[in-house]
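Listed in order, the protein sequences are those of chains C and X.
Be aware that the first sequence starts at 16, since it is given in the working numbering, and climbs by one per residue.
Be aware that the second sequence starts at 16, since it is given in the working numbering, and climbs by one per residue.
2 protein chains.
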Amino acid sequence: MMNVPFRVTSMLEHAERYFAKKEVTSRTMSGIRKFSYREIGERTRRLSSALKRLGVQKGERVGTLAWNHHRHLEAYFAIPGVEAVLHTINIRLSPQHIAYIINHADDQILFVDQDILPLVEALKDHIPNVKAYILMTDEDELPQSPLQPLYHYEKLLETGDPAYEFPQDIDENDPVGMCYTSATTGNPKGVTYTHRSTVLHSMSLGLADGGSVSESDVLMPVVPMFHVNAWGLPYAATWFGSSQVMPGPRFTPQLLAELIEMEKVTFAAGVPTIWMGLLQELEQNSYDTSSLRAVICGGSAAPKGMIKTFEEKHNIPFMHAYGMTETSPLVIATRLKTYQADLDDEAKFDYKAKQGYVVQGVEMKVIGANGEVKWDGHEMGELLLRSNWIADEYYNDDRTEGTFNDGWLHTGDVVTVDEEGFVKIVDRTKDLIKSGGEWISSVDLENAIMAFPDVFEASVIAVPHPEWQERPLACVVLKPEAKGKVPKEDIVEFLRPQFAKWWIPDDIMFMDEIPKTSVGKFLKRTLRDQLKDHYMTTAKS
Amino acid sequence: MMNVPFRVTSMLEHAERYFAKKEVTSRTMSGIRKFSYREIGERTRRLSSALKRLGVQKGERVGTLAWNHHRHLEAYFAIPGVEAVLHTINIRLSPQHIAYIINHADDQILFVDQDILPLVEALKDHIPNVKAYILMTDEDELPQSPLQPLYHYEKLLETGDPAYEFPQDIDENDPVGMCYTSATTGNPKGVTYTHRSTVLHSMSLGLADGGSVSESDVLMPVVPMFHVNAWGLPYAATWFGSSQVMPGPRFTPQLLAELIEMEKVTFAAGVPTIWMGLLQELEQNSYDTSSLRAVICGGSAAPKGMIKTFEEKHNIPFMHAYGMTETSPLVIATRLKTYQADLDDEAKFDYKAKQGYVVQGVEMKVIGANGEVKWDGHEMGELLLRSNWIADEYYNDDRTEGTFNDGWLHTGDVVTVDEEGFVKIVDRTKDLIKSGGEWISSVDLENAIMAFPDVFEASVIAVPHPEWQERPLACVVLKPEAKGKVPKEDIVEFLRPQFAKWWIPDDIMFMDEIPKTSVGKFLKRTLRDQLKDHYMTTAKS
Numbered sequence: 016m017m018n019v020p021f022r023v024t025s026m027l028e029h030a031e032r033y034f035a036k037k038e039v040t041s042r043t044m045s046g047i048r049k050f051s052y053r054e055i056g057e058r059t060r061r062l063s064s065a066l067k068r069l070g071v072q073k074g075e076r077v078g079t080l081a082w083n084h085h086r087h088l089e090a091y092f093a094i095p096g097v098e099a100v101l102h103t104i105n106i107r108l109s110p111q112h113i114a115y116i117i118n119h120a121d122d123q124i125l126f127v128d129q130d131i132l133p134l135v136e137a138l139k140d141h142i143p144n145v146k147a148y149i150l151m152t153d154e155d156e157l158p159q160s161p162l163q164p165l166y167h168y169e170k171l172l173e174t175g176d177p178a179y180e181f182p183q184d185i186d187e188n189d190p191v192g193m194c195y196t197s198a199t200t201g202n203p204k205g206v207t208y209t210h211r212s213t214v215l216h217s218m219s220l221g222l223a224d225g226g227s228v229s230e231s232d233v234l235m236p237v238v239p240m241f242h243v244n245a246w247g248l249p250y251a252a253t254w255f256g257s258s259q260v261m262p263g264p265r266f267t268p269q270l271l272a273e274l275i276e277m278e279k280v281t282f283a284a285g286v287p288t289i290w291m292g293l294l295q296e297l298e299q300n301s302y303d304t305s306s307l308r309a310v311i312c313g314g315s316a317a318p319k320g321m322i323k324t325f326e327e328k329h330n331i332p333f334m335h336a337y338g339m340t341e342t343s344p345l346v347i348a349t350r351l352k353t354y355q356a357d358l359d360d361e362a363k364f365d366y367k368a369k370q371g372y373v374v375q376g377v378e379m380k381v382i383g384a385n386g387e388v389k390w391d392g393h394e395m396g397e398l399l400l401r402s403n404w405i406a407d408e409y410y411n412d413d414r415t416e417g418t419f420n421d422g423w424l425h426t427g428d429v430v431t432v433d434e435e436g437f438v439k440i441v442d443r444t445k446d447l448i449k450s451g452g453e454w455i456s457s458v459d460l461e462n463a464i465m466a467f468p469d470v471f472e473a474s475v476i477a478v479p480h481p482e483w484q485e486r487p488l489a490c491v492v493l494k495p496e497a498k499g500k501v502p503k504e505d506i507v508e509f510l511r512p513q514f515a516k517w518w519i520p521d522d523i524m525f526m527d528e529i530p531k532t533s534v535g536k537f538l539k540r541t542l543r544d545q546l547k548d549h550y551m552t553t554a555k556s
Numbered sequence: 016m017m018n019v020p021f022r023v024t025s026m027l028e029h030a031e032r033y034f035a036k037k038e039v040t041s042r043t044m045s046g047i048r049k050f051s052y053r054e055i056g057e058r059t060r061r062l063s064s065a066l067k068r069l070g071v072q073k074g075e076r077v078g079t080l081a082w083n084h085h086r087h088l089e090a091y092f093a094i095p096g097v098e099a100v101l102h103t104i105n106i107r108l109s110p111q112h113i114a115y116i117i118n119h120a121d122d123q124i125l126f127v128d129q130d131i132l133p134l135v136e137a138l139k140d141h142i143p144n145v146k147a148y149i150l151m152t153d154e155d156e157l158p159q160s161p162l163q164p165l166y167h168y169e170k171l172l173e174t175g176d177p178a179y180e181f182p183q184d185i186d187e188n189d190p191v192g193m194c195y196t197s198a199t200t201g202n203p204k205g206v207t208y209t210h211r212s213t214v215l216h217s218m219s220l221g222l223a224d225g226g227s228v229s230e231s232d233v234l235m236p237v238v239p240m241f242h243v244n245a246w247g248l249p250y251a252a253t254w255f256g257s258s259q260v261m262p263g264p265r266f267t268p269q270l271l272a273e274l275i276e277m278e279k280v281t282f283a284a285g286v287p288t289i290w291m292g293l294l295q296e297l298e299q300n301s302y303d304t305s306s307l308r309a310v311i312c313g314g315s316a317a318p319k320g321m322i323k324t325f326e327e328k329h330n331i332p333f334m335h336a337y338g339m340t341e342t343s344p345l346v347i348a349t350r351l352k353t354y355q356a357d358l359d360d361e362a363k364f365d366y367k368a369k370q371g372y373v374v375q376g377v378e379m380k381v382i383g384a385n386g387e388v389k390w391d392g393h394e395m396g397e398l399l400l401r402s403n404w405i406a407d408e409y410y411n412d413d414r415t416e417g418t419f420n421d422g423w424l425h426t427g428d429v430v431t432v433d434e435e436g437f438v439k440i441v442d443r444t445k446d447l448i449k450s451g452g453e454w455i456s457s458v459d460l461e462n463a464i465m466a467f468p469d470v471f472e473a474s475v476i477a478v479p480h481p482e483w484q485e486r487p488l489a490c491v492v493l494k495p496e497a498k499g500k501v502p503k504e505d506i507v508e509f510l511r512p513q514f515a516k517w518w519i520p521d522d523i524m525f526m527d528e529i530p531k532t533s534v535g536k537f538l539k540r541t542l543r544d545q546l547k548d549h550y551m552t553t554a555k556s
């Protein structure tokens, strides 16, 4: 059989040949415009040729700090088009981390959006290896800037060759893209994608039982193109000839709702926060969202209530998915099986609130305290994954060990698997409570405690215990009006009917607030440090 | 990124894990039974383990002479499951050719269906290298047979290990399957598929814009499993967890219609003859075919009239596809683009009567007299194809040269391409008429002449010409009642308004019959030999 190397630019070539008239709707600082794939193709070839002239070499990293728009899409193909590596930079990271990853990736050139320019200017002295900047701007002229040399994107395109030919004879295992993922401690960790992984991941997005991306779609990636390649959707949408809607910089829920109605979006992708915002907008104002065949939601778990509201109230099918930077990201998604159509609604939503089962091309195993777990929906274990679109290392990083072992990605997510193969995330391995050889999910306990009417928030942590190795300790913040009025026993009694006896926290600590990270996540590590002697000094209740 | 080798058996493993309850409906000599993928998986593992015990070695060929049923499906996975090569043998070939390919492939073991046993027994003395036979039978006991040793399929399974583990650490470029394709002259030519090509081809069948094979499908491959792996559908259907309906030996149109109604088939695949037969059955008797989301048709061109009848009269979407043994086979299929929805019905059927455009993962170019042809729907050229699921050689055969050149498959099909990229087959290269540097399609002329009321059949051939290199000559058989009553000029006048002047045949030869092959195709080679001096000796008209 022929061995034709998988090649990212072949996906754009396909769109140019077979979907030349289909369009990308792009919102930038100055408004909304449309570009056909013929135009995108020509502009991308110009950009590749210009990058070549700027001296970009094979294998070099070129960074982007940009929103979702047509220019970013062009960079997605033009940088691989000179055999360089597209490094999309998450502009939401701290300036220190942004500088770190630019230096760690050794980016040679940076593409920057107009409104992100100040951020990069502030970093200027910390990223000495960057040789040039390219401003993605709608303005005719460049602003004054200390960044030098600074090129004007559109003027650069004018110097490029619209008939530039993408290299055909490449190695499919060559790097083509790069993203960094934030770590619990320390600097972000880099993942390098290859032509092979990117094309195969795109193919999985086109599977009828994967993302089902197709020519008939109008696809709106709300998830940022600086976040895991907008889940690979810009690549897949281009290859399959979907119309694309790029919502651009600093969009609002109102804008998303307007774009859905105006452009007749069929498929949109984003994290739970985005969909929560859209729901609020749909409550307040009336939009025609009937074109939507699905919204896909990943990044973190979507609450069942939100899924129900989408499906029951707004008649918008909701697809729950799971992935991470290390997995390209799509590896698991919820699709009910045909014979599950007979279930009652509540049971269906229970399945939809799980992360789902692996897409074709991905293998999983779940390792608990005693080897592979039973698929009973109860036994917990760490989720391990293997696929051609999963990383096998962090880029130049000694944290590779511990995550990538024996050919499997150790996700750090603790899950259960039910009889149908549906995965449900119950905890992070580091937050799991290991009590007397059994595992207890801190997340399940937290959710239960937070359902207690007087509780404002709660975090359950593992605390060392002389007899049981670890036992759960609940840290609880009461609502202001309830402070000092709720006995611990009330909360314990509230939990008893819901959990096995040995799951119930041995103690409850009331506190004024739970320490949090800058993005609002519980800093369990801090709590654990503060309370590590709690059960060593108190009697077991 | 991880490099996980593509592996045919991984598709069955996926079905066992995630679609264990889904079923394969199998019709054999003794009736219809259902098997879950859990059972198919276990039986396949038993078979692999039994083959191993019989001494089958890595890379050895194991042949099958069998219809579409569950046992053949098991062999599809069990033979690759011991790293051997599944060689499906077309039982419709002549006995001489069947013996040739068994010997040429050097098959070590043959799986044989009960009703095909006499055919193989007759070949016995001509296939001395076959070491064992396995009878796929529903009977409890083996029949008397000169084939020795002859194993009973079900009893062999009983000796096998249901927990046999398929090899995981293979080379994705290892051979896994083999089919022979008949040649115009000489013996059939063999094509060897690899794990990589088979899995990628299966993936293309799962693309929403490919075959869209999905868990929600009830898939009936009518195309035989001994013909290009039933177009790869048994593999894809298993991987994607579709229910499968295997119509078994010597089915009738009535049986197909009954299966469609009874099993609520959603997707069925076959050649035009099959669909013509089904149409006739649907005319005569009433069936509920509303479950069908599509029938897919390949092998040879489907007439526009048939496509219209399926869609307009029976409300069954009809998908025209193109492929060959050398291409796994799916490479081109007709899917209207969203903006073509505005066309009038006649224009839509014109597109649907074309072969379509390439699926993602396949590249094409069309080379005419002056290089790549214009995509104008008129200029003709030979169709060249490239893909990871296209062969790069014939197995141990010096006919490789001429078909596989410069990394492309030269299909021998002459096509036009329209502005939308839709390919339409107009001729075979060897039947094309090359007149004064321009190309004339013999097929177009034949179709036009056969539309003349008094014509029974017609074949147009290229005949050497002193001035124009070649000119068309029409060989025409009139209907019995018209014999001797139709002047040549009437046919010529009939053609004039339909073609450019230089397309009109210079002469028309009336004859009593047109020589044909055993399967009813025109033997143009014989005609050309007989008439090669026609224009050398007669004046140009």
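Virtual Cβ for every residue (Gly too), placed ideally from N, Cα, C.
Check	Outcome
Compare the C-alpha of Ala384 of chain C against each of C:Leu398, C:Glu378 and C:Ala30 and name the closest.	C:Leu398
I need the DSSP call for Ile529 of chain C, collapsed to helix, strand or coil.	coil
Could you have a look at Val310 of chain X and say whether DSSP puts it in helix, strand or coil?	strand
My output table needs one value for Phe419 of chain X: the three-state DSSP class, helix, strand or coil.	strand
Using a Cβ-Cβ distance under 8 Å, would Leu493 of chain C count as near chain X?	no
What in chain C is Cβ-close to Val430 of chain X, meaning under 9 Å?	Those within 9 Å of Val430 of chain X in chain C number zero; the least Cβ separation is about 15 Å.
So which residues of chain X does Val228 of chain C contact, with C-beta pairs closer than 8 Å?	Ala223
Where Gly96 of chain X and Asp176 of chain X are concerned, what is the direct C-alpha to C-alpha distance, given to the nearest angstrom?	13 Å
Suppose only complete runs of 4+ residues qualify. What are the alpha helix (DSSP H) ranges in the stretch 311-398 of chain X, listed by chain order?	319-323 and 360-367
Residues in the same chain with beta-carbon distance under 6 Å from Asp412 of chain C, minus the five sequence neighbours each way, listed in chain order, please.	Lys204
Under the DSSP definition of a beta bridge, which residues are partnered with Phe126 of chain C?	C:Thr79 and C:Ile149
Could you pull the start and end residues of the beta strand (DSSP E) that His210 of chain X belongs to?	Where His210 of chain X is concerned, there is no enclosing beta strand (DSSP E), although the alpha helix (DSSP H) it sits in stretches over His210 to Gly221.
Does the beta carbon of Trp3 of chain X come closer than 8 Å to any beta carbon on chain C?	Limits of chain X in this structure are 16 at one end and 556 at the other, which puts residue 3 of chain X out of reach.
Quick one: complete beta strand (DSSP E) runs, 3+ long, within the stretch 43-123 of chain X?	46-51, 76-80 and 100-103
Thinking Met26 of chain X and Val100 of chain X are a contact (beta carbons under 8 Å), I'd like their distance in whole angstroms, please.	Not confirmed; about 17 Å, so no contact.
Would you mind sorting Asn144 of chain C into buried or exposed? The rule is 16 or more other CB atoms within 10 Å of its CB.	exposed
With a cut-off of 8 Å, does the C-beta of Arg211 of chain X fall near any C-beta of chain C?	yes
Using CA atoms only, rank isn't needed, just tell me which of X:Gln72, X:Asp391, X:Glu180 and X:Leu215 is closest to Glu187 of chain X.	X:Leu215
Following the continuous beta strand (DSSP E) through Ser258 of chain X, name the residue where it begins and the one where it ends.	Ser258 to Met261
Just to confirm, does Leu162 of chain C get its C-beta within under 7 Å of one of the non-hydrogen atoms of the ligand MN?	Of ligands this structure carries none, so the ligand MN is not represented either.
Using the three-state DSSP reduction, which class does His242 of chain C fall into: helix, strand or coil?	coil
Between which two residues does the alpha helix (DSSP H) holding Tyr166 of chain X run?	Note, Tyr166 of chain X: premise wrong, no alpha helix (DSSP H); beta strand (DSSP E) at Leu165 to His167.
Excluding five sequence neighbours on each side, which residues of the same chain lie with their C-beta closer than 7 Å to the C-beta of Ile55 of chain X?	Val39, His85, Leu88 and Glu89
In terms of alpha-carbon separation, which member of X:Thr59, X:Val19 and X:Ile47 lies closest to Glu31 of chain X?	X:Thr59
Hey, does His102 of chain C have any beta-carbon neighbour from chain A nearer than 8 Å?	Considering every chain present, this structure includes no chain A. Its protein chains are C and X.
Assign Arg401 of chain C to one of three DSSP states: helix, strand, or coil.	strand
Which of the three DSSP states is assigned to Arg414 of chain C in this structure?	helix
Might you give, ordered along the chain, the residues of its own chain that have their beta carbon closer than 7 Å to the beta carbon of Glu508 of chain C, omitting 5 neighbours on each side?	none
Quick one: grab the DSSP three-state call for Asp522 of chain X.	strand
Per the DSSP calculation, Lys279 of chain X is bridged to which residue(s)?	Lys279 of chain X pairs with nothing; no bridge assigned.
Is any beta-carbon of chain X found at less than 8 Å from that of Arg350 of chain C?	yes
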